[in-house]
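Asker: Per numbering that gives the first Met the number 0, the very first residue in the sequence shown carries number 0; after that it's consecutive.
Quick reminder that beta carbons are idealized off the backbone N, C-alpha and C, glycines included.
Keep in mind it's a predicted model, so treat the numbers as computed, not measured.
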Amino acid sequence: MKASVTAHKDFTVATIDDRVYGAFLEHLGRAIYTGIYEPGHPTADKNGMRGDVAELVRDLNVPIVRYPGGNFVSAYNWEDGIGPRDKRPTRLDLAWHTSDNNAVGVHEFSDWCDTVGTEMMLAINLGTRGLDDARNFVEYVNGPTGSYWGDLRKKNGRAKPFGVKHWCLGNEMDGPWQIGHKTADEYGRLALETAKTLRAFDKSLQLIVCGSSNADMKTYPEWERIVLEHTYDAVDHISLHMYFNNRAKNTANYLALNHKLDDYIATIASTINMVKANKRSKRRVSICFDEWNVWYHSNAQDRKILEGNSGWPHAPRLLEDIYNFEDVLQVGCILNTFIRRSDVVKIACIAQLVNVIAPIMTEPGGAAWRQTIYYPYYFASLYGRGTALNLAVQCPGYDADVADNVPYLDISAIHDEKAKTLTFFAVNRHPTEKLDLRVSLEGFAPVAVIDHRVMTHEMLTATNTATDPTQVAPRKGRGARLTNHTLAAALPPHSWQMLRIDLG
Ligand code: AHR
0 MKASVTAHKD FTVATIDDRV YGAFLEHLGR AIYTGIYEPG HPTADKNGMR
50 GDVAELVRDL NVPIVRYPGG NFVSAYNWED GIGPRDKRPT RLDLAWHTSD
100 NNAVGVHEFS DWCDTVGTEM MLAINLGTRG LDDARNFVEY VNGPTGSYWG
150 DLRKKNGRAK PFGVKHWCLG NEMDGPWQIG HKTADEYGRL ALETAKTLRA
200 FDKSLQLIVC GSSNADMKTY PEWERIVLEH TYDAVDHISL HMYFNNRAKN
250 TANYLALNHK LDDYIATIAS TINMVKANKR SKRRVSICFD EWNVWYHSNA
300 QDRKILEGNS GWPHAPRLLE DIYNFEDVLQ VGCILNTFIR RSDVVKIACI
350 AQLVNVIAPI MTEPGGAAWR QTIYYPYYFA SLYGRGTALN LAVQCPGYDA
400 DVADNVPYLD ISAIHDEKAK TLTFFAVNRH PTEKLDLRVS LEGFAPVAVI
450 DHRVMTHEML TATNTATDPT QVAPRKGRGA RLTNHTLAAA LPPHSWQMLR
500 IDLG
């Protein structure tokens, strides 16, 4: 099978916002406890944070991490996580039917963010709480000393404001499962008043209003229209979430799902434009895709805890999806979609980062290792920065549940003018045929192929485990050639690739 692609230097989409490679950590299962935080662990630092995990996170160059939820945030009292640890209460977490001793709160999380070189993005409880809590929280986190909340922060060990820029106004407020779920009008009003209050404190904050929990919600996309009608001129981003699954065990349909993601983004981009026009607004609201990933492998094993049949365990194994090689292809396609829609998706967060539907897994007291999906995320975060190109792609396709004529080739391209490189991320969706790729490079002066990585495996179900952590890993590619202005490479069936070209 053949695919031909044209990449023109001037045919661009947008500058990719670094925040597209963000992540998410929730007080859920073992994401925090025995994930990033485990005081007795041999690699733990003086704050009890695992050094082995911090190293794997640091390598990912994550620009921003959303915290502390998720569904958890909708019944969270942030004050429970400040002050002396031995005075912090243990609370029942109603979202996940567990308990939390609050050993980690905003101070500890901020220190960890400094350790791994990332920035925190905080979510506010608009489920059980509201305006007053929001203003107190933002003043505690960012306010000056000499005021009540700033002085309390100082007393708790931190005089300097945390300086958090990004604030999520609640989480998945459209979802009936959410504690404090609201209609679009109820939420839109509350979000507007919260945004006004936070802006009265600091105009420069980046505010994120809740969009739909997924594109199958009955209220989608009317939810976004109504919420934006209320909030458009007061917010910066609208949040979207989407999780992918192959419960049906149909790889072709599974690997076409980013076409549904593409439609979802396009629909909300249009909704944003419509509200913008209705309001005669100059403001350009963008999309913050602050939860995305594959999530289904662990559903059955989680049922007992989620149905409340295990009591209220602290940090149990929950949402511990063990990812396989097939998921590498899926995550590669999702990241390609975000790159191709970098005109409107300005923040995205892989959900989540450690143990809970995550690229990094740990054993309490034991090892930390990279799941299969770590790699496409790693390479995109490292080399997917620059200008996204609008590629012309010609390739045979197949009909799937979510779309017809889904091309076997899924590809994105990034021109990094500073590094003088051109990077392609490509997935061959074909199960049995290799793809002969020819890319015509127009307006570039390509010098050489400087890196070629391939991920492929004879078993789609292959996984990485504590005892065999490198079953699924990238290897050096062979045979990619540059002749004048044409890049040629053969992409094996069911494979992910990265091809990088030096532009001299
Ligand atoms: O990431 C897991 C959960 O998925 C989050 O808590 C929630 O926001 C979403 O439904």
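Can you pull the DSSP bridge partners for G396?
Answerer: BP columns for G396 point to P406.
Asker: For R452, write down the residues that DSSP places opposite it in a beta bridge.
Answerer: In DSSP, R452 forms a bridge with K475 and M497.
Asker: If I measure Cβ to Cβ from S109 and keep anything under 7 Å in the same chain, skipping five residues before and after, which residues do I get?
Answerer: Cβ neighbours of S109 beyond the five flanking positions: M119 and F161.
Asker: Using a 10 Å radius around the Cβ and a threshold of 16 neighbouring Cβ atoms, would you call T182 buried or exposed?
Answerer: Looking at its Cβ environment, which holds fewer than 16 other Cβ atoms inside 10 Å, T182 is exposed.
Asker: Which runs of the beta strand (DSSP E) fall wholly inside the segment 81-105 and span at least 3 residues, in chain order?
Answerer: Complete beta strand (DSSP E) runs here, min 3: 90-92 and 97-99.
Asker: Which term fits M458, buried or exposed, when burial requires 16 or more other beta carbons within 10 angstroms of its beta carbon?
Answerer: Exposed, because fewer than 16 other Cβ atoms sit within 10 Å of the Cβ of M458.
Asker: Taking the alpha-carbon of K153 as reference, which of V140, V453, V72 and H165 has the nearest alpha-carbon?
Answerer: Closest option to K153, Cα to Cα, is V140.
Asker: Any heavy atom of the ligand AHR closer than 7 Å to the beta-carbon of I237?
Answerer: No, since every heavy atom of the ligand AHR falls outside the 7 Å radius drawn around the Cβ of I237.
Asker: Quick one: give me the first and last residue of the alpha helix (DSSP H) that H484 is part of.
Answerer: That residue, H484, is in no alpha helix (DSSP H); it is neither H nor E in DSSP.
Asker: Tell me the residue span of the beta strand (DSSP E) that contains I349.
Answerer: Where I349 is concerned, the enclosing beta strand (DSSP E) stretches over V344 to A350.
Asker: Once you ignore the five residues that flank L260 on each side, which residues in its own chain have a CB closer than 7 Å to its CB?
Answerer: Correct list, in chain order: M241, I333 and T336.
Asker: Write down the C-beta distance between V56 and I359 rounded to the nearest angstrom, noting that I regard them as a contact closer than 8 Å.
Answerer: Correct: roughly 7 Å between the Cβ atoms.
Asker: Is it the case that the segment 439-451 contacts the segment 5-22, given that we only count it when at least three CB pairs across the two stretches are under 8 Å?
Answerer: Yes: the two stretches touch, three or more of their Cβ pairs being nearer than 8 Å.
Asker: Just mark R369 as buried or exposed, buried being the case when its beta carbon has 16 or more other beta carbons within 10 Å.
Answerer: Buried, by the Cβ-count rule.
Asker: Figure out for me which residue from A487, T462 and D415 has the closest Cα to the Cα of G476.
Answerer: With distances taken between Cα atoms, G476 lies closest to A487.
Asker: State yes or no: is the C-beta of I356 nearer than 7 Å to some heavy atom of the ligand AHR?
Answerer: The answer is yes for I356.
Asker: For Q329, tell me which candidate among W95, S238, Y374 and L436 has the shortest Cα-Cα distance.
Answerer: Of the candidates W95, S238, Y374 and L436, the one whose C-alpha sits nearest the C-alpha of Q329 is Y374.
Asker: Can you determine whether any heavy atom of the ligand AHR sits closer than 7 Å to the C-beta of N170, and answer yes or no?
Answerer: True, at least one ligand heavy atom lies under 7 Å from that Cβ.
Asker: Span of the alpha helix (DSSP H) holding R198?
Answerer: Here the alpha helix (DSSP H) through R198 covers A183 to F200.
Asker: Taking the C-alpha atoms as reference points, what is the distance between Y407 and A447?
Answerer: Approximately 26 Å between the Cα atoms of the pair.
Asker: Between the C-alpha atoms of D398 and N404, what's the straight-line distance to the nearest angstrom?
Answerer: So the alpha carbons of these two residues sit roughly 5 Å apart.
Asker: Rounded to a whole number of angstroms, what is the C-alpha to C-alpha distance between A366 and P38?
Answerer: Roughly 15 Å between the two C-alpha positions.
Asker: My understanding is that L352 touches V4, with C-beta atoms under 8 Å, so please give their C-beta distance in whole angstroms.
Answerer: About 32 Å separates the two Cβ atoms, so there is no contact after all.
Asker: In chain order, what residues of the same chain have a beta carbon less than 6 Å from the beta carbon of D235, not counting five sequence neighbours either side?
Answerer: The residues are Q205 and L206.
Asker: Mind checking whether P492 and P395 have CB atoms under 8 Å apart?
Answerer: No, the pair does not count as a contact, with Cβ atoms beyond the cut-off.
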